[in-house]
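Protein chains in written order, with my numbering: chain A, 177 to 508; chain S, 33 to 737.
Beta carbons are placed, not taken as given, at the ideal position from N, Cα and C, and that holds for glycine.
Beneath this line is the structure, given in structure tokens, with notes to follow.
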Ligand SMILES: Cc1cc2nc3c(=O)[nH]c(=O)nc-3n(C[C@H](O)[C@H](O)[C@H](O)COP(=O)(O)OP(=O)(O)OC[C@H]3O[C@@H](n4cnc5c(N)ncnc54)[C@H](O)[C@@H]3O)c2cc1C
Ligand code: SF4
């Protein structure tokens, strides 16, 4: 662990100034919110900032639901959002994705902003005993390709990186067409959640469109008929307290026994939270018949590339979609 | 009248201390002026260090010393093989030369004022290696026989090959168990403090005397000069049976720094700095007559070990006697790799061997269309056919009967995939469990005080089974005192010597010594005090009286084959679409001799059952075959069961068993048999549920798609 100075800015503008000074140089300063991921990365020597700038107390922690939809302040904790009655009732997929994440202790501490910015669980990224990891040290290679890649992605990969995005919440958010409210010293901009994370391409170390000196201020989710009938299914090796092998976030608008509109996103399989529009299109107008669902889910495989250890995910994710749609469909 | 404490479900005498933070674990001892050590470990599996640059680390804030092979004092490393060390080979020497034998080989030790400074400086050390090809992938090496007495590794009775060829029904398959790590909650830690040529070690260990002997040999000093204290251990499962290199490094660091040094391994280091259950590959072939009598067993296995020690375990022992069979061949071999040495992990050998054997028995039952209990009953041996000795007691039949009854086995429909619960496939499976009764020499001290209370002590350990409590019960009964008047102490080399807390032998060994010491001191007191009442006798004597007694096994092991036995049953529910397996119930019935404390005994058994769930469904140290690094060396990706994985029903029954031969207390031990057979029962249940036989653990969702 590299020694660092902890800065506790009094307000957001002070926090933004610290980070803006550092520019593209992460080694100079990084933000810390709940710290649940950052501290792991510091302890494992994966991140070595000189300065840690605390976001505690300088960002909105509200959870607001209105006719426009849901607004989650960046500092709201996973626990608060998961248990919020309005979220539970009107946006169940968000609540379920959060309750399926981590443990109560972690959820009490971790924030919305930190959650969608948590780094990959790719084991080679987190073990500095491996020299090769393009995400950790650009240009060093990728140990996961040709290595133990059961935990890695099958979508959106490149020859430089196949790391899966680890957040469950992000999968629910991308399914519900959420947006990210980004704040900087000069103002505010709104980015659709689907465009917030970047594909690895040949710069896997740059994971989002956040510029130096920007923070996530809030995440908004528009009101939409699909949100109420939504569900998060998470598959893993044990019953709880584990990242997803494969997960599916599904939201449905149903007319009688036909699906009017569907949103489907997958976790554990993409280098970013992964929407599957072809599946959504195939589900639109479909009944909840298992054969039909199976056929629709098969559209998910387009573009999927297994690398041995993770190839099973291509089959498992289709089954996860079918089950998640069935469950959401059966929901009153 | 005092009710006997033995047999009562006494709550842990140290329970309050543990849950209120009053129990002090190794790293928590408040040793004045302690400095902190951080170990730098190799990032190659095999080769030589060509350059090691510690200049930046030496200049880092707070650094007191940096030790590498270039400047570390030479250590004696005198010949020493403790009973928990592999008999063949030589232990890892640290900081003595430029060799690297495995990933995570210690290459430097940084000592600094604070833990943070030590950890930081450690990251500044730069090493380059002349890397050698080495052997890392167990799939890529030819197994070889272990060094030494061939008859231990290869046994033959009758003509198994011929019997197998001519058998009416055969099953012949390979079973793979990957490397597993112990993953106790408490990380290994040592504080070392020298006072002249005397050394005190506060250590996480299962054997204080073994640590003293090993460190004495490493430093070339008498063991009497070393005091090891380990009153509480936060789980170990075998990882604390040897003194690993960090214990040496703590003592070395303290000597160089001339002040106490503390080293605590990180979770990642636990996968490199202590041992593990080795990856095993086992072929089991069974031949039987159509009516289900075993005609042949071939059990041919190999497992990983390091290049510097031959680690072998009791992989094949159970196969040689568990079921009756005239023709048996067993062979164990080693895959010598550039890995560190494996070690004992809960029921070492037995649990792995029995997994293969009892899965194969299930496969035979399927081939014969015979109920698995019936198959086992047909092959119930009259005696131990390997040793040619009668069993001192063997309650398998009773265990099957009671276990089956409590489980409701008669309701099982035998066809795979025939039992359902809604959309879930339900499977029921069973297996036999066994573990040897081990009994080793031990000593104990008992002291009566004038107020009629007693102090009793032995070196011993309590890694979780409840030794503090059960020894108090044994002592109370032997003294004729209520348990609240007996104070038992353990975990210190200043106390009478005991064997390691391993092999499920603590109650047999230490318990027998405690009982003997307490009986003796009571007799002495009554005689000397001239009274029939102990309190009155002690009042007359008016001063403490004390005895230390050595206990050792007689010749029973030459006359009897002595083992605990059990029948274990599991129910799984599997989502056939998603491959998710949940264990819903486990029922275990055990013939384990006398049960000293039914409460802590049950805890042992449910712990073993949960450990078995981990082994069956999730545990796997994933070694990258290119580098030898453990990719999931952390608690997020190395899955062990969490509460949600523990079934609501874990039903434990101890059948009545009075065994006068095993040891004075009539106990057989429970720590290890409780995990044996569980993974087999679960994998057999998975087959029953799905019709799929998964022969490579763990049974993760991808294998069931
Ligand atoms: C044991 C464990 C299990 C877990 N299991 C799961 C799981 O099953 N599913 C799951 O989804 N997650 C899981 N997680 C991850 C967890 O959800 C994240 O660690 C957590 O959400 C991060 O939030 P935080 O506030 O602690 O972020 P921090 O650790 O403080 O920060 C994370 C990153 O976000 C940046 N950051 C934080 N807030 C902002 C902001 N507002 N603007 C700009 N940058 C910001 C930081 O600079 C840092 O790079 C687990 C974590 C642990 C420790
Ligand atoms: S997949 Fe990405 S994060 Fe993992 S080793 Fe390769 S470059 Fe690094």
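Self-check item: Around ligand 2, Cβ to any heavy atom closer than 5 Å, ordered along the chain
Solution: 298(A), 300(A), 301(A), 309(A), 310(A), 311(A), 318(A), 319(A), 320(A), 337(A), 338(A), 339(A)
Exercise. Name the one or two DSSP bridge partners that residue 287(A) has.
Key: 253(A)
Quiz item: Should residue 194(A) be labelled buried (16 or more other beta-carbon atoms within 10 Å of its own) or exposed?
Solution: buried
Quiz item: Buried or exposed: which applies to residue 156(S), given that a residue is buried once 16 or more other Cβ atoms fall within 10 Å of its Cβ?
Solution: Around the beta carbon of residue 156(S), 16 or more other beta carbons sit within 10 angstroms, so the residue counts as buried.
Self-check item: Residue(s) in a DSSP beta bridge with residue 423(A)
Solution: 410(A), 443(A)
Quiz prompt | Sub-8 Å separation of residue 384(A) and residue 293(A) beta-carbons | solution = yes
Quiz item: Cβ of residue 219(S) within 8 Å of Cβ of residue 297(S)?
Solution: Taking 8 Å as the Cβ cut-off, residue 219(S) and residue 297(S) qualify as a contacting pair.
Practice problem: Could you tell me whether any Cβ in chain S is nearer than 8 Å to the Cβ of residue 214(A)? | Solution: no
Quiz item: Say the cut is 7 Å; is the CB of residue 301(S) nearer than that to a heavy atom of ligand 1?
Solution: Checking the 7 Å criterion, the Cβ of residue 301(S) is out of range of every heavy atom belonging to ligand 1.
Quiz item: Would you call the region 556-564 of chain S and the region 421-431 of chain S touching, i.e. three or more CB-CB distances under 8 Å?
Solution: No, because fewer than three Cβ pairs between the region 556-564 of chain S and the region 421-431 of chain S fall closer than 8 Å, the two stretches do not touch.
Quiz item: Mapping DSSP to helix, strand and coil, what is residue 77(S)?
Solution: It is coil, neither helix nor strand.
Exercise. Please compile the residues from chain S whose C-beta is within a distance smaller than 7 Å of the C-beta of residue 416(A).
Key: 674, 676
Quiz item: So, is the C-beta of residue 255(A) closer than 8 Å to a C-beta in chain S?
Solution: no
Exercise. Express the C-alpha separation of residue 587(S) and residue 250(S) in angstroms, rounding to a whole number.
Key: 35 Å
Quiz item: Measuring CA to CA, which of 305(S), 240(S), 652(S), 620(S) is closest to residue 465(S)?
Solution: 620(S)
Quiz item: Is it buried or exposed for residue 452(S), if we count other Cβ within 10 angstroms and need 16 for buried?
Solution: Classification of residue 452(S): exposed, given that the 10 Å Cβ count is below 16.
Quiz item: Among 52(S), 643(S), 137(S), which has the Cα closest to the Cα of residue 615(S)?
Solution: Residue nearest to residue 615(S) within the set 52(S), 643(S), 137(S) is 643(S) (criterion: CA-CA distance).
Self-check item: Contact set for residue 496(S): own chain, Cβ-Cβ below 6 Å, skip 5 residues either direction
Solution: 267
Quiz item: Nearest-angstrom Cα distance between residue 488(S) and residue 546(S)?
Solution: 7 Å
Quiz item: Below 8 Å, can you find three or more Cβ-Cβ pairs linking the region 368-376 of chain S to the region 302-321 of chain S?
Solution: yes
Self-check item: Residues, ordered as in the chain, of the region 390-419 of chain A that lie near chain S by beta-carbon distance below 9 Å
Solution: 409, 411, 412, 413, 414, 415, 416, 417, 418, 419
Exercise. Please determine, among 211(A), 231(A), 242(A), 202(A), the residue with the shortest C-alpha to C-alpha distance to residue 223(A).
Key: 202(A)
Quiz item: What residues of chain S sit near residue 499(A), judged by a beta carbon separation below 9 Å?
Solution: 607, 609, 610
Quiz item: chain S partners of residue 303(A), CB-CB under 8 Å?
Solution: 300, 661, 663, 665
Quiz item: So which residues of chain A does residue 650(S) contact, with C-beta pairs closer than 7 Å?
Solution: 413, 414
Quiz item: Under a CB-based cut-off of 8 Å, is residue 207(A) close to chain S?
Solution: no
Quiz item: DSSP three-state call for residue 212(S): helix, strand or coil?
Solution: strand
Quiz item: Beta-carbon of residue 733(S) versus every beta-carbon of chain A: anything under 8 Å?
Solution: yes
Self-check item: Given residue 350(S) as reference, the closest of 470(S), 236(S), 383(S) once Cα atoms are compared
Solution: 383(S)
Quiz prompt | Residue from 275(S), 226(S), 162(S), 206(S) whose Cα sits closest to the Cα of residue 239(S) | solution = 275(S)
Quiz prompt | Nearest-angstrom Cβ-Cβ length linking residue 352(A) and residue 267(A), presumed shorter than 8 Å | solution = 7 Å
Quiz item: Which value, in whole angstroms, describes the spacing of the CA atoms of residue 508(A) and residue 608(S)?
Solution: Per-residue confidence for residue 508(A) stands at a pLDDT of 42, beneath the threshold of 50, marking its modelled position as unreliable; the derived number appears in the next sentence. Computed Cα separation, rounded: 25 Å.
Quiz item: Looking at residue 726(S) and ligand 1, is the gap between the Cβ and the nearest heavy atom below 7 Å?
Solution: no
Practice problem: Using a cut-off of 7 Å between C-beta atoms, extract the partners of residue 421(A) located in chain S. | Solution: 733
Self-check item: Selection from 583(S), 412(S), 571(S) that minimises the alpha carbon distance to residue 475(S)
Solution: 583(S)
Quiz item: Closer than 8 Å, CB to CB, is residue 341(A) near chain S or not?
Solution: no
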